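Peer 1:
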Amino acid sequence: MTLLHTELCDIIGIKHPILQGGMGPYKTEALAIAVVNAGALGVISCIGMAATLIPEAAPIDAQRLFGSDPPAIILQKSIEKVTKETRSSGGVFGVNVPVAAEFILASKMFVEQTIESCKADSDTERSLRVVVTSAGNPKPWSVLKDEGFIWVHVVPSVYHAKKAEAAGADIIVASGHEGGAHVSWDPVHSMVLVPAVAKAVKTPVVGAGGFCDGLTLAAALCLGAVGIQMGTRFIATKESDFEPMWKQAILKREERQTLVGRGLFGPMRFLRNKRAEEIVEQTLEDLPNFYLGEPLDSNEVILKLEQTGFDDLLDAKEDTALMFGGEVAGRIQDLPTTAELIGSIVSEASEVLGRAPKFVVSG
Ligand SMILES: Cc1cc2nc3c(=O)[nH]c(=O)nc-3n(C[C@H](O)[C@H](O)[C@H](O)COP(=O)(O)O)c2cc1C
């Protein structure tokens, strides 16, 4: 098998230049295990776990998804499981901690638990090499480097990339507007964002948003990135922790069948259905206040739409379930294992890049 080797592989210690994006509401534990064992970076997601802290104000039924353990214990057990299940492959994994101001206390708790889990077990210390922070100010999190982690920070703009570089991030993920779940209000897509960020910073850049195959991995490398991060594509794999209905919904969507609307913590991209349309309707009502900088008084409505949307997801009601996903859903038509997926991405990208020199002619 041909391998594609970039700086990302050396920095993190992975075989393939591919990161699995953090994807709350789930722990993405099964997915992380499969991705690590396939030679890329698997990532445990934390954001849903925080919902166990204040169940009545949480968008998801945390008890139903995670049981009654406190969030730090849920994370600890998940880290133990991923360590154990990936030990024989010698791969490495990460933890994603969203650091938005709204849940900064939960972010601190997850970071502390991650550090503690590494101290408690030498196998974990060897394999849990990466922390991916997202959705917030990078500045306080340089402490992750002092703790020996490779620190990856996710940004939606050149401005935020420069801030992450100044804070000392080891890798910057430039996340374009076509991506699934949280996006920025400013609709800058990967084709513009990735080369702009790669040019603006010296820190190695990974592209996110719209990547799903060898063509898009090759494109990312040509745009100046050292690899890709994928969310939506990884949902639609055999091993991923997502509902079968969610996986099928991705396979059914065409590229125009996602919508961006207000989530409780900022805009999000949903797979289009009745629930997503209701959220967009509410978003449009909120826009005047949003643009005037006034407080949004419809948080309760949004919370209710999200809560019932997640209940309907768990009850497999396709039309009213809340499901996030990127525009790239329109390019996904199969449900491979993660090993098959990663293998096909790498071989297609190698083939495309192998053909590239033929386009260069001396004049
Ligand atoms: C269902 C879903 C949940 C997500 N949750 C998170 C999250 O908890 N933290 C985070 O940093 N990014 C989150 N993301 C973004 C992904 O990590 C990734 O950057 C994004 O999906 C890339 O775009 P793509 O969907 O086009 O591959 C989520 C994406 C999806 C689809």
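Residue numbering for the sequence shown follows the working numbering, starting at 3 and increasing by one per position.
For glycine and all other residues, C-beta sits at the position ideal for the given N, C-alpha and C.
All figures in this text were calculated on a predicted structure; none of them were measured in a lab.
With a CB to CB cut of under 6 Å and the five nearest residues on each side skipped, what residues in its chain are close to A166?
Peer 2: Once the five neighbours on either side are set aside, the close Cβ partners of A166 are P140, H155, V157 and I174.
Peer 1: If contact is defined by three or more beta carbon pairs under 8 Å, each pair taking one atom from either stretch, is the segment 198 to 216 in contact with the segment 228 to 240?
Peer 2: Yes, the segment 228 to 240 is in contact with the segment 198 to 216.
Peer 1: Among F151, A36, S47 and I14, which one has its Cα closest to the Cα of T30?
Peer 2: For the residues F151, A36, S47 and I14, the minimum Cα distance to T30 belongs to S47.
Peer 1: Between R66 and the rest of its own chain, which residues show a CB-CB distance below 8 Å, the 5 nearest in sequence each way excluded?
Peer 2: The answer, listed in chain order, is L316.
Peer 1: If we call anything under 7 Å between Cβ atoms a contact, is E58 one with P206?
Peer 2: The answer is no: Cβ separation not under 7 Å.
Peer 1: Check whether the Cβ of V207 sits closer than 6 Å to any heavy atom of ligand 1, and report yes or no.
Peer 2: It does not: the Cβ of V207 is nowhere closer than 6 Å to a heavy atom of ligand 1.
Peer 1: With a threshold of 6 Å, establish whether the CB of V156 neighbours any heavy atom of ligand 1.
Peer 2: Flag set: Cβ of V156 near ligand 1.
Peer 1: Can you tell me whether K17 is buried or exposed, with buried defined as 16 or more other CB within 10 angstroms of its CB?
Peer 2: Buried.
Peer 1: Where does the unbroken alpha helix (DSSP H) through M111 begin, and where does it stop?
Peer 2: First-last of the alpha helix (DSSP H) with M111: I106 to A122.
Peer 1: Cβ of G138 versus every heavy atom of ligand 1: is any distance shorter than 6 Å?
Peer 2: G138 Cβ: outside cutoff for every heavy atom of ligand 1.
Peer 1: Give the list of continuous beta strand (DSSP E) stretches no shorter than 3 residues that lie fully inside the segment 197 to 280.
Peer 2: Listed in chain order, the complete beta strand (DSSP E) runs (minimum 3 residues) inside the segment 197 to 280 are 207 to 210, 229 to 232, 260 to 265 and 268 to 273.
Peer 1: How would you call P61, buried or exposed, if buried means at least 16 neighbouring beta carbons within 10 angstroms?
Peer 2: Its Cβ being crowded by 16 or more others within 10 Å, P61 is buried.
Peer 1: Between the segment 242 to 253 and the segment 296 to 305, can you find at least three pairs of beta-carbon atoms closer than 8 Å?
Peer 2: No: the two stretches stay apart, fewer than three of their Cβ pairs being nearer than 8 Å.
Peer 1: Would you call the segment 276 to 293 and the segment 66 to 77 touching, i.e. three or more CB-CB distances under 8 Å?
Peer 2: The segment 276 to 293 vs the segment 66 to 77: no contact.
Peer 1: Under 8 Å by Cβ, that's how I've got S129 and S159 pegged, so tell me the actual separation to the nearest angstrom.
Peer 2: At roughly 32 Å, the Cβ-Cβ gap does not stay under 8 Å, so S129 and S159 are not in contact.
Peer 1: Which residues in the same chain as A238 place their Cβ atom closer than 7 Å to its Cβ, once the five residues preceding and following it in sequence are excluded?
Peer 2: Closer than 7 Å at Cβ, skipping near neighbours: K249, I252, L253, I334 and L337.
Peer 1: With a threshold of 6 Å (Cβ to nearest heavy atom), would Q231 be considered close to ligand 1?
Peer 2: Answer for Q231: yes, Cβ within range of ligand 1.
Peer 1: Within 6 Å: the Cβ of V330 and any heavy atom of ligand 1?
Peer 2: Yes; taking the cut-off as 6 Å, the Cβ of V330 has a heavy atom of ligand 1 nearer than that.
Peer 1: Do the segment 97 to 108 and the segment 134 to 152 meet, that is, are 3 or more Cβ pairs less than 8 Å apart?
Peer 2: A contact exists between the segment 97 to 108 and the segment 134 to 152.
Peer 1: In this structure, what does DSSP give as the bridge partners for S135?
Peer 2: According to the sequence provided, residue 135 is Thr. The question's Ser does not apply to it. Answer is V99 and H155.
Peer 1: Can you list, in chain order, the residues of its chain whose CB lies under 8 Å from that of K83, leaving out five sequence neighbours each side?
Peer 2: Excluding residues within five positions, the ones whose Cβ falls inside 8 Å are E31 and I35.
Peer 1: Since Q65 is in the alpha helix (DSSP H), which residue starts that stretch and which ends it?
Peer 2: Its alpha helix (DSSP H) spans residues A64 to F68.
Peer 1: Who does S47 pair with in a DSSP beta bridge?
Peer 2: DSSP lists N98 as partners of S47.
Peer 1: Mapping DSSP to helix, strand and coil, what is S192?
Peer 2: S192 falls in the helix class under three-state DSSP.
Peer 1: Is any non-hydrogen atom of ligand 1 found closer than 6 Å to the C-beta of F151, if you look at the structure I gave you?
Peer 2: F151 Cβ: outside cutoff for every heavy atom of ligand 1.
Peer 1: Quick one: is the Cβ of F326 within less than 6 Å of any heavy atom of ligand 1?
Peer 2: Checking the Cβ of F326 against ligand 1 gives yes.
Peer 1: Ignore the nearest five residues each way along the sequence and tell me which others in D172's own chain have a CB closer than 6 Å to its CB.
Peer 2: These residues qualify, in order along the chain: I152 and W153.
Peer 1: For S177, write down the residues that DSSP places opposite it in a beta bridge.
Peer 2: Bridge partners of S177: A210.
Peer 1: What is the residue span of the alpha helix (DSSP H) that I20 lies within?
Peer 2: That residue, I20, is in no alpha helix (DSSP H); its beta strand (DSSP E) goes I20 to Q22.
Peer 1: Using CA coordinates, which residue listed in I56, D63, G15 and M51 is at the minimum distance from L43?
Peer 2: Selected option, being the one with the closest Cα: G15.
Peer 1: Measure the beta-carbon distance from I344 to A122 and round it to whole angstroms, keeping in mind my assumption that it falls under 8 Å.
Peer 2: Wrong, their Cβ atoms sit about 30 Å apart, outside the cutoff.
Peer 1: Is H162 helix, strand or coil by DSSP?
Peer 2: It is helical.
Peer 1: Pick from T126, G311, L225 and I49: whose alpha carbon is nearest that of K73?
Peer 2: According to the sequence provided, residue 73 is Pro. The question's Lys does not apply to it. Residue I49 is the option with its Cα nearest to P73.
Peer 1: If the criterion is Cβ atoms closer than 7 Å, does the pair F236 and L33 meet it?
Peer 2: Result yes, Cβ atoms of F236 and L33 sit closer than 7 Å.
Peer 1: Where are the beta strand (DSSP E) runs, 3 residues long or more, that stay fully inside the segment 303 to 337, in chain order?
Peer 2: DSSP runs (the beta strand (DSSP E)) wholly in the segment 303 to 337: none.
Peer 1: Output needed for L217: all residues of its chain with C-beta closer than 8 Å, excluding positions within five of it in sequence on either side, in chain order.
Peer 2: E350, A351 and V354, listed in sequence order.
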